[in-house]
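Report on one structure; see the data block that follows.
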Amino acid sequence: HNGGARRPVRARDLRSLPPTLLALARATVLPSIPPSPLLAGRSGRARYEMFDVPFEALKAAGKAAGGTFNDAYLAALAGGFDRYHRRFGTPVEAVPALLPISVRRPGSVAGGNHLASSRFVLPTGEQTPAPRVRLTHDRVAAVRGGPTLHALALLSRPITPLPPTWVARITTQLFRGNDLLASNFAGIGRRIHLAGAKVTAIQPYAPLLRGAAAIALVSYRDKACLGITLDSGAVTEPDLFVACLREGFDEVIALPAAGRATAERQRAAARDQ
């Protein structure tokens with residue numbers, strides 16, 4: 004038996020790969036950029052947090068900035084990560100993330116997951132929310148249109164017949180090196196009941212899979228409900244981190260109002276000329 008098979012994959016091991024396979028590796032095995040030094044620790048202990056934001060307000064913010072609901076969501080997360088790093092005096096331009104992307108096409112069968120996952124560079128260096136939404140939109144579009152969008156599924160398919168413990172170990176290797184796992188799922192637009200009681204919110208849970216933070220969003224009626232899982236070794240000040248995330252969402256949600264105020268000032272200036 005060759006014990007070297009247990010050695011984790013390193014970037015230098017992949018430099019001799021053909022370009023197509025190298026692109027596949029970069030979309031799955033290799034981190035897209037170096038992880039944040041501030042979030043480098045891992046403890047194996049998780050802390051779970053949650054909060055809600057107005058669904059329609061976040062959707063309107065994405066539209067106001069020339070993006071989508073998902074772009075506004077990711078830009079808000081980027082703003083939160085930026086604030087957290089700046090509180091420690093260690094700003095970064097971007098953090099490596101794993102992002103499930105919808106690949107549902109018109110005419111697709113309803114139900115089921117129509118998702119593909121790819122590594123993604125989350126822009127945290129842009130501190131102005133509207134340009135950050137547009138930058139996020141461009142980067143998501145680049146990933147969506149890239150040849151490696153289904154790479155993770157292709158690499159995972161051969162391991163599915165293996166025992167569950169092996170699958171978990173290999174999958175974790177594929178997911179390593181991410182500071183963030185971010186997901187966004189369409190929820191339920193109407194009121195539902197459970198055992199006769201009204202459901203007031205749906206709180207999602209996202210597994211860390213060796214990441215520093217895993218954040219999931221699911222919509223329910225007029226709410227966008229966030230579930231935040233943090234590795235206690237990576238995020239050493241979880242209350243501060245959640246506060247920074249809230250501020251990131253607040254500034255993005257304020258975009259439509261800021262746009263209206265700017266337009267009104269421009270109209271007033273034009274009248275005065």
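Residue 60 in our numbering sits at position 57 of the sequence shown; the count goes up by one each step and never skips.
We put the beta carbon where it would ideally sit given N, CA and C, even for glycine.
A quick note: this is a predicted structure, and the numbers were derived from the prediction, not measured.
- Measuring C-alpha to C-alpha distances from Arg137 to each of Val95, Leu197, Phe72, Arg89 identifies Phe72 as the nearest.
- For Ile256, the enclosing alpha helix (DSSP H) covers residues 241–256.
- Here DSSP, grouped into helix, strand and coil, assigns Gly83 to helix.
- The beta carbon of Ala60 sits closer than 7 Å to those of Ile256, all from its chain and outside the five residues before and after it, given in chain order.
- Using a Cβ distance threshold of 8 Å, Leu229 and Ala68 do not count as a contacting pair.
- Taking the Cα positions, Gly214 is about 14 Å away from Tyr208.
- Between the C-alpha atoms of Ala246 and Gly148 there is a straight-line separation of about 34 Å.
- Proximity to Ala185 across Pro37, Ala227, Phe54, Leu77 peaks at Leu77, based on C-alpha coordinates.
- Closest in C-alpha terms to Phe244, from the list Ala63, Pro40, Gly83, Gly44, comes Gly83.
- For Val202, the CB contacts under 8 Å within the same chain, skipping 5 residues up- and downstream, are Arg194, Ile195, His196, Tyr223 in chain order.
- Taking 3 residues as the shortest admissible run, the stretch 38–107 contains the following complete beta strand (DSSP E) segments, listed from N- to C-terminal end: 49–57, 97–105.
- Nearest to Thr232 by alpha-carbon distance, out of Tyr87, Gln206, Ala216, is Ala216.
- Where Leu138 is concerned, there is no enclosing beta strand (DSSP E), although the alpha helix (DSSP H) around it starts and stops at 132–147.
- If you compare the alpha carbons of Pro166, Ala227, Ala198 with that of Ile191, the shortest gap goes to Ala227.
- When DSSP states are grouped into helix, strand and coil, Ala261 belongs to the helix group.
- Residue pairing by DSSP places Ala204 in no beta bridge whatsoever.
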